[in-house]
Amino acid sequence: MFIKQKKLISTFIISLLMLCFFASTAFAADPTLTFNGANLCTISGDTATPGISLINNTSVPSGLQHIELQFNHNVAANLSTNQNYIHLKNTTTQSMISISVYRLGDGSPFSIEKRNLFFDANLVSGNSYQIIMDPGLVAYNGYTLGSTQTVDFTVQ
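All letters in the sequence shown, in the order written, are residues -28 to -1, 1 to 128 by mature numbering (1 follows the signal peptide of the UniProt record, and there is no 0).
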């Protein structure tokens, strides 16, 4: 009887370990970097509040605007690299606009805005714009965007 109990316990433990292994792989977060969205935003301290989406929007307000780019992983930690991979183009005049990309907070894993990058732009009424994110944009986990991502919008 003692041998049957040992075998039953061993079988139970092995089954439990297999269940934990398969559950952990099924629920693991996707390590690849993806672009999730672009919004106008308001900023208060180290926190941004998203406003209207810029994606294919044809009625964006003019003037100086805070723009938030949202990703699924921490891109703020690599600001010094990532600021070289984000561009703004005025598609009406076909000219590139100089922008300074910044982060809110310190980019640490505990930063509220770690998955977001920001820039400010003076948007001119009647003009169309394109935000361009190059494939080399990199997350804290080392994964890159992998392909060029663009956001087109028009200012009313």
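Ideal placement from N, C-alpha and C gives every residue a C-beta, glycine not left out. Since the structure is predicted, the reported quantities are computational estimates derived from the model, not experimental observations.
Per-residue DSSP class, three states only, for residue i
{"i": "residue 5", "result": "coil"}
{"i": "residue -15", "result": "helix"}
{"i": "residue 111", "result": "coil"}
{"i": "residue 44", "result": "coil"}
{"i": "residue 120", "result": "coil"}
{"i": "residue 51", "result": "helix"}
{"i": "residue -4", "result": "Any answer about residue -4 is weak, because its pLDDT of 41 lies below 50 and its placement is not dependable; what the coordinates show is given next. Correct three-state label for residue -4: helix."}
Residues sharing a beta bridge with residue i, DSSP
{"i": "residue 127", "result": "32"}
{"i": "residue 37", "result": "93"}
{"i": "residue 61", "result": "68, 102"}
{"i": "residue 15", "result": "20"}
{"i": "residue 88", "result": "42"}
{"i": "residue 25", "result": "11"}
Cut-off 8 Å between Cβ atoms - residues of its own chain near residue i, not counting five sequence neighbours on either side
{"i": "residue 149", "result": "Shown here, the chain extends from -28 to 128; a query on residue 149 therefore has no answer."}
{"i": "residue 58", "result": "41, 71, 73, 89, 91, 103, 104, 105, 106, 109"}
{"i": "residue 20", "result": "13, 14, 38, 40, 76, 85, 88, 90"}
Cβ-Cβ separation, residue j to residue i (assumed contact under 8 Å), whole Å
{"i": "residue 26", "j": "residue 110", "result": "Their Cβ separation, rounded to whole angstroms, is 23 Å, which puts residue 26 and residue 110 out of contact at 8 Å."}
{"i": "residue 34", "j": "residue 96", "result": "6 Å"}
{"i": "residue 83", "j": "residue 48", "result": "6 Å"}
{"i": "residue 46", "j": "residue 87", "result": "6 Å"}
{"i": "residue 30", "j": "residue 116", "result": "Rounded, the Cβ-Cβ distance is 31 Å, inconsistent with contact."}
Cut-off 6 Å between Cβ atoms - residues of its own chain near residue i, not counting five sequence neighbours on either side
{"i": "residue 41", "result": "10, 89"}
{"i": "residue -2", "result": "Because the pLDDT at residue -2 is just 46, under 50, the model does not fix this residue reliably, and the point stays unresolved."}
Same chain, Cβ closer than 7 Å to residue i, five either side skipped, listed in chain order
{"i": "residue 93", "result": "37, 39, 60, 69, 71"}
{"i": "residue 145", "result": "Nothing can be reported for residue 145: it is not among the residues displayed for the chain, which extend from -28 to 128."}
Check whether the segment 114 to 128 touches the segment 74 to 81, counting contact only when three or more Cβ pairs, one atom from each stretch, lie closer than 8 Å.
At 8 Å Cβ cutoff, the stretches do not touch.
Counting Cβ pairs, one atom from each stretch, are 3 or more of them under 8 Å apart for the segment 48 to 55 and the segment 11 to 25?
Contact fails: fewer than three Cβ-Cβ distances are below 8 Å.
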